[in-house]
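Line by line, the protein sequences are chains A and W.
For the first sequence, the residue numbers in the numbering used here are 1 to 108.
For the second sequence, the residue numbers in the numbering used here are 1001 to 1108.
Ideal Cβ placement from N, Cα and C applies to all residues, glycine included.
Encoded as structure tokens, the structure appears first; notes follow it.
2 protein chains.
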Amino acid sequence: MKDFIELTELLKAIADQRRLQIIDLLSCGKMCVCDITEQLDLSQPNISHHLKILKNAGLIVATKRGRWVDYQLNRDKLEYLQESLGDVIAECDAEECGITRLNCEEKC
Amino acid sequence: MKDFIELTELLKAIADQRRLQIIDLLSCGKMCVCDITEQLDLSQPNISHHLKILKNAGLIVATKRGRWVDYQLNRDKLEYLQESLGDVIAECDAEECGITRLNCEEKC
DNA sequence: TTGATATATTTATATCTATTTATATGTTAT
DNA sequence: ATAACATATAAATAGATATAAATATATCAA
């Protein structure tokens, strides 16, 4: 049985309204924390917290510019997330499926 | 600012290792609770709990067959999830982007 | 009807997460 | 050096979530 540990971590990171909004903002390009904070109308420490979660998951990348910190999407990781999710959802190949069904009518 | 309420709900529903495993099992076809329980090696009430979350999110559908209950994927909802996520991640159109950046160098 | 089986619900508890408040770190301007 | 600013971290709290144990409901078989 697959464990889906990495995919679960990525999904948990984006499964939040504020963090989806952050990703949506960053889909437009690099942005500093102060501008993100202003767009989302949340407290600065709260934004920093959400950014840290996205960064730890590898979905965004930080670069320092003077006293500002700019964040941008890590498109590779986001693509990996989309693909992994697609793999889980994809209709399985009947020949590859070795799942034992004892009580269901439908078999692979 | 978009709210992403529905997308967040869908993502929260699948952002769990057990529930991803359930979806993976169901990608193979319809399956009753007892077989899911056996495959995942979790307690039956626990499985029922996770199934309920997926069902409430609309990602799976239940059908009764005698004393068994079969579950199957709701592919429409899953496709909607994938597409919505893709929209958030997609590189934004510079002309459509009206986000104000005060302190970042990069502009839309 | 009685007992067995499949699933769902409830309750309690432990763990995790989001938010707030306060404070710390590091950078720039004066 | 000092003050102002941008961001991060820490601590406290409130709310959400996962799991386990017990129980309820519904269906079938004897």
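Three-state secondary structure (DSSP) of residue i
i         : result
Ala15/A   : coil
Asp1087/W : helix
Arg1075/W : helix
Cys92/A   : coil
Thr8/A    : helix
Cys1032/W : strand
Ile1099/W : coil
Asp24/A   : helix
Lys1052/W : helix
Counted within 10 angstroms of its Cβ, other Cβ atoms place residue i as buried (16 or more) or exposed
i         : result
Thr1008/W : buried
His49/A   : exposed
Ile89/A   : buried
Asp1087/W : exposed
Arg19/A   : buried
Ser1027/W : buried
Asp1076/W : exposed
Gln112/A  : One cannot answer for residue 112/A here, as it falls past the ends of chain A, which runs 1 to 108.
Asp16/A   : buried
Minimum C-alpha distance to residue i - residue among the options
i         : options                                       : result
Thr1100/W : Asp16/A, Gly29/A and Leu10/A                  : Gly29/A
Asn1056/W : Arg1065/W, Tyr1071/W, Ser1043/W and Gln1044/W : Tyr1071/W
Lys12/A   : Leu85/A, Thr37/A and Asp41/A                  : Leu85/A
Glu1006/W : Lys1052/W, Tyr1080/W and Asp1093/W            : Tyr1080/W
Asn74/A   : Leu42/A, Asp24/A, Arg67/A and Asp3/A          : Asp24/A
Lys2/A    : Leu1040/W, Asp1003/W, Thr1063/W and Asp1076/W : Leu1040/W
Lys64/A   : Ile1022/W, Ile1014/W and Asn1103/W            : Asn1103/W
Phe1004/W : Pro1045/W, Gln1044/W and Glu1083/W            : Glu1083/W
Chain A contact residues for residue i, given Cβ-Cβ distances below 8 angstroms
i         : result
Leu1175/W : Outside the displayed range of chain W (1001 to 1108) lies residue 1175/W, so it cannot be described from this structure.
Ser1027/W : Val88, Ile89, Ala90, Glu91 and Cys92
Asn1103/W : Cys32, Cys34, Asp35 and Trp68
Where residue i meets chain A, residues with beta-carbon distance less than 7 angstroms
i         : result
Leu1007/W : Leu20
Interface partners of residue i on chain W, CB under 7 angstroms
i       : result
Ala62/A : Here the premise fails: no neighbours, minimum Cβ distance about 13 angstroms.
Glu86/A : Per the sequence shown, residue 86/A should be read as Gly rather than Glu. By Cβ distance, chain W contributes Gln1082.
Ile14/A : Leu1011
Ile99/A : Leu1025, Cys1028 and Gln1039
Presumed contact (8 angstroms Cβ cut-off) between residue i and residue j, rounded CB distance
i         : j         : result
Val69/A   : Val33/A   : 6 angstroms
Leu1051/W : Leu1078/W : Not a contact, Cβ separation roughly 15 angstroms.
Ile1036/W : Ile1047/W : 6 angstroms
9 angstroms Cβ cut-off: residues of chain W touching residue i
i       : result
Ser43/A : Going along chain W, no residue has its Cβ under 9 angstroms from Ser43/A, so there is no contact; the nearest lies around 16 angstroms.
Cross-chain neighbours of residue i in chain W, by beta carbon under 8 angstroms
i      : result
Lys2/A : Gln1021 and Asp1024
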